[in-house]
Amino acid sequence: MSWMKALAEAYRTACERFPDTELMLVSDIDGTIIDMRYLVMSVLQSYDQANSTEYFTRLQASDIDVHENHVEQLLERLEIPATERRRVMKWYLDRRWQDDTILNAQRPFPGVLPMIRWFQLQPNTTVGLLTGRPESVRSATLRSLNRIGEAHRVNFNNDVLLMNPGDWGQDVENTKALGLRRFEEMGYHVFAMIDNEPRVLKALADEPENGELLLLHADTIFESPSSSMPSSVIEGKDYALTELVAGEQALPPEVQLVWHGVNDPANLKQFIASGVPWAEIDVREDPSGRLILRHDSFETTPALPDEEWLIYDEVMAELVSHGVGIKLDIKGGADVLDRVLSSVACLQLPDDRLWFNGELESIGEEEFGKIRA
484 MSWMKALAEA
494 YRTACERFPD
504 TELMLVSDID
514 GTIIDMRYLV
524 MSVLQSYDQA
534 NSTEYFTRLQ
544 ASDIDVHENH
554 VEQLLERLEI
564 PATERRRVMK
574 WYLDRRWQDD
584 TILNAQRPFP
594 GVLPMIRWFQ
604 LQPNTTVGLL
614 TGRPESVRSA
624 TLRSLNRIGE
634 AHRVNFNNDV
644 LLMNPGDWGQ
654 DVENTKALGL
664 RRFEEMGYHV
674 FAMIDNEPRV
684 LKALADEPEN
694 GELLLLHADT
704 IFESPSSSMP
714 SSVIEGKDYA
724 LTELVAGEQA
734 LPPEVQLVWH
744 GVNDPANLKQ
754 FIASGVPWAE
764 IDVREDPSGR
774 LILRHDSFET
784 TPALPDEEWL
794 IYDEVMAELV
804 SHGVGIKLDI
814 KGGADVLDRV
824 LSSVACLQLP
834 DDRLWFNGEL
844 ESIGEEEFGK
854 IRA
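For what it's worth, our numbering labels the leading residue of the sequence shown as 484, then goes sequentially.
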């Protein structure tokens, strides 16, 4: 059984056994929700920018296969001179957990936010966060998670974030065990916990009171040896939302599923394979005037050095070829809408496969009238 199907089964069982209790899915943050490779890449590339060097200009997230605590191994593999390595490491360690890094250099794994949103939409269900990060970065952590979650309408409040009362890396396993007990004391029934560290999952599995708790391992980049992980833990790395839902046939006939935010290659690939009938894409202009897919504006969220965007025309052609419905979220003014309407007219899509969304204040009432025409 896949890890998401196991999660769905654990949730259904909890709903049946505890119908009058607030249920909770608990998740770690780093390496589970947040893909830490982008933080590493961003801090290293900022070193180049500040020191007029080019050691990391071509570095991509896919090149990073070490834990964020072992970046020196990456520098050695990249053959950075020893004297320079020391300077780079000092730069990295000084900046990796600064507020601006937390706020601007963290990206979620594909699919994790739609999965969280699905649980947040269920009745009597909450998603809690249990992290080894210390209390000193609470504010930046919440702001960062809610910023990246905004596109998926994911929001966390202060009460469901439990952090390490000690310093970085201090007694993390005990912090996680005590955190689960704290959630239970708050009145939640915790039915599942997701973490990427095998030693944390082993510590939780060794607690007698966790006998019915489903433990899931996010098989990303982790620091502790995988040999320490109990056999009862179920591993996975793809957050497949479709495995949580019983199937479109379980929905009322007037309800259809929509895959939110098909704006990057990973989400596009997962959507095409999912069987979900609708894709939502966010359309805006890049700095050169091309129509691209991106939710956030460049003013509020500046582009990362390596950031690449899907081209609107290319994605539309692919979606049309698969016969799916397309929700077009217009992130711009009348010019963007005019260009989108022109392209849609050329594709000759039937009305029942199109859905437009936008802000009246940005586009204007007269321009919105063109959609109906």
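Note that beta-carbon positions come from the ideal geometry of N, C-alpha and C, so glycine has one too.
Counting only runs of 4+ residues, the alpha helix (DSSP H) found wholly inside the region 534-600 occupies 554-560, 565-578 and 582-587, in chain order. One thing to note: residue 655 has its Cβ no nearer than 8 Å to the Cβ of residue 611. In the structure shown, residue 650 adopts coil according to DSSP, grouped into three states. In this structure the region 803-812 lies against the region 756-765, because at least three pairs of beta carbons, one per stretch, are closer than 8 Å.
Residue burial annotation: residue 604 is exposed, with fewer than 16 other C-beta atoms found within 10 angstroms of its C-beta. Excluding its 5 nearest sequence neighbours in each direction, residue 631 has C-beta neighbours in its own chain below 6 Å: 591, listed in chain order. Taking 8 Å as the cut-off, the Cβ atoms of residue 513 and residue 613 do not count as close. One alpha carbon belongs to residue 532, the other to residue 677, and they sit about 36 Å apart. Its chain contains 776 as the residues whose beta carbon lies nearer than 6 Å to that of residue 793, once the 5 sequence neighbours on both sides are disregarded; these appear in chain order.
When the beta-carbon positions are compared, residue 645 and residue 621 stay at least 8 Å from each other.
In the three-state DSSP reduction, residue 617 falls in the strand class (E or B). Under the three-pair Cβ rule at 8 Å, the region 520-529 does not count as touching the region 497-512. Per DSSP, the unbroken beta strand (DSSP E) holding residue 810 starts and ends at 808-813. The beta carbon of residue 822 is closer than 7 Å to those of 774 in its chain, skipping five residues each way along the sequence.
Secondary structure at residue 519: coil, using DSSP grouped into helix, strand and coil.
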